[in-house]
Structure formats: C-alpha cells, structure tokens
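Be aware that the sequence shown starts at 49, since it is given in our numbering, and climbs by one per residue.
C-beta: ideal position from N, C-alpha, C; glycine also.
Given the structure is predicted, the values throughout are model-derived calculations rather than measurements.
Take a look at the structure set out below.
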Amino acid sequence: MAKRSHPRRGSMAFSPRKRARRPFGHVKSWPKTEASEVRIQGFAGWKAGMTHILARDLNPRSPSAGQETRIPVTVVECPKMRILGVRGYQMTPYGKQAVGEAWADAGQIADAFSDLFKRLPERKEHDAEKHFENLENSDLCEVRMIVAT
C-alpha cells in the first residue's frame, strides 16, 4: 500500500521546473548612468558553482558577533572578452534601427580565434576605419559591441 505522507520532492525555489528555452541569458535592465564618456555597461559571465567562505560577523547585535561564520557564495565565471566589432543604432519613429557596423580586421580576428577562423567562409574586403568613421558621423542613440569569449 502507498504511504499517505511523504517529504516534498523538488524545491519550491525554482519554479517552474522545466528546461530553459536557450542556453544563454538575456539582460533585462541596464544601469542608468549620467556619465559624459562612453563606457561598457555589461560583461559576459555565468554561474559556475557555489562554495562557502569564512567571514567574521561585524554586526554587534548578532548572536555570533565577532565570531567566524560560514557564508554561502556563488562563483561566477567571467572569461576574457574579445571585441569583434561595433554596431550603431539610431532612433526612428518605429524604434531603434541599425545604422551600420564596423568589424575588426580579418587578421585580428584570425589571431584571436585561430581554430574557429579556419572553419569560417572567406569574407569580402571590409574597410573597418571607413565604416567606423561613418558611424561616428551619424546621429546615434546607442552603440553595441559585438564580442566573443
């Protein structure tokens, strides 16, 4: 006969319990900055695991004040990113629209990704400096970097 009561199977913390649609994440919000210069606002990283650290509790009202406590921490792996190109966007009545993009020279990409570059088809000549100047002269609302890890 089946047992009437049993412990819960599965965690309530991860709901719904199903496979993700894609293996990469999506940034839903970017920090608001009042910076006058252009800078990168994000980077690629993913959860690699968890571990714990021993830290001294500095809260004087805590029961473990002044003692070492174990704290769980998340390990985030952030590999080196290589910039392959930039793409500029301009605001239109229909939303953001790509104005143009400038890719790095084929030699630079080949040096960074020698094993991958052998499998890619040959590209036509691309004058990166000319495309970059066209982007600088246009009225851009956003610039995105094309990167690879």
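CB of residue i within 7 Å of CB of residue j, strictly
i: Val147; j: Gly136; result: yes
i: Asp105; j: Thr117; result: yes
i: Val195; j: Ile131; result: yes
i: Leu188; j: Gln138; result: yes
Inter-residue Cα distance where the pair is residue i and residue j
i: Ser77; j: Ser186; result: 26 Å
i: Val75; j: Val191; result: 16 Å
i: Thr81; j: Gly143; result: 21 Å
i: Lys128; j: Pro55; result: 44 Å
i: Met193; j: Ala103; result: 38 Å
i: Gly58; j: Pro141; result: 48 Å
Residue burial classification, residue i (beta-carbon count within 10 angstroms, cutoff 16)
i: Ala113; result: exposed
i: Val134; result: buried
i: Ala150; result: buried
Candidates the options, of which the one nearest residue i by Cα
i: Ile101; options: Ile119, Gln145, Asn182, Arg109; result: Ile119
i: Gly73; options: Ser59, Gly93, Ile88; result: Gly93
i: Ala152; options: Asp175, Gln145, Pro141, Gln138; result: Asp175
i: Pro79; options: Arg69, Ala68, Phe91, Pro71; result: Phe91
i: Gly97; options: Gln138, Asn182, Cys126; result: Cys126
i: Pro71; options: Ser84, Ala61, Pro111, Lys95; result: Lys95
Near the ligand ATP: residue i beta-carbon under 6 Å from a heavy atom
i: Ala96; result: In the structure on display, the ligand ATP does not appear, and there are no ligands present to speak of.
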